[in-house]
């Protein structure tokens, strides 16, 4: 009788174990997409965020400020992976008055900057990153 009782206990334990395995497997299959998304969120690479364009309104801009905006645009965009880099307007500088900028002083060293404006003055300036050649284009 004891052997029969032990055999019955063994069968019940195995049955309970099989039911638990089936339920857990069913839950994994049912929630697979959500589990996969959560794991990817926790351990996956995060896409870098680019918070451009930025509109800056001031009374006036100095050559040093323009140079800082150019450097910021170039360093932010060139630090991104190549497949994420794109042509984008980084900054739109708006001034209340007509400003004259010395392009020599406003051009930081080591960065290719193309100045596309007819006059040397502006009341609105676009600082744009061009992916081809990692170049900064300034236009009004």
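Numbering (the working numbering), first residue to last: 277 to 416.
For glycine and all other residues, C-beta sits at the position ideal for the given N, C-alpha and C.
Nearest-angstrom Cα distance between residue 286 and residue 299?
In the chain shown, the residue the question calls residue 286 occupies position 10. In the chain shown, the residue the question calls residue 299 occupies position 23. C-alpha separation (whole angstroms): 20 Å.
How many angstroms separate the CA atom of residue 499 from the CA atom of residue 337?
Residue 499 lies beyond the residue range present for the chain, which begins at 277 and ends at 416; the question has no answer from this structure.
Identify which residue in 345, 318 and 339 has its Cα closest to the Cα of residue 331.
As a working note, residue 331 is residue 55 in the chain shown. When each option's Cα is compared against that of residue 331, the closest is 345.
Just curious, the alpha helix (DSSP H) that residue 354 is in, first and last residue?
Taking the chain shown and counting its residues from 1, one reaches residue 354 at position 78. Segment 339 to 354, the alpha helix (DSSP H) holding residue 354.
Measure the C-alpha to C-alpha separation of residue 340 and residue 347 and round it to an integer number of angstroms.
The residue labelled residue 340 in the question sits at position 64 within the chain shown. The residue labelled residue 347 in the question sits at position 71 within the chain shown. Going by the C-alpha atoms only, they are around 10 Å apart.
What are the residues that DSSP puts in a beta bridge with residue 406?
Looking up residue 406 in the chain shown gives position 130. Answer is 411, bridged to residue 406.
Look up residue 377 in the DSSP assignment and say whether it is helix, strand or coil.
Locating residue 377 in the chain shown gives position 101, where the first residue counts as 1. Residue 377 falls in the coil class under three-state DSSP.
Work out the CA separation of residue 408 and residue 359 for me, nearest whole Å.
To locate residue 359, count along the chain shown from 1; it is residue 83. To locate residue 408, count along the chain shown from 1; it is residue 132. Those two C-alpha atoms are separated by around 12 Å.
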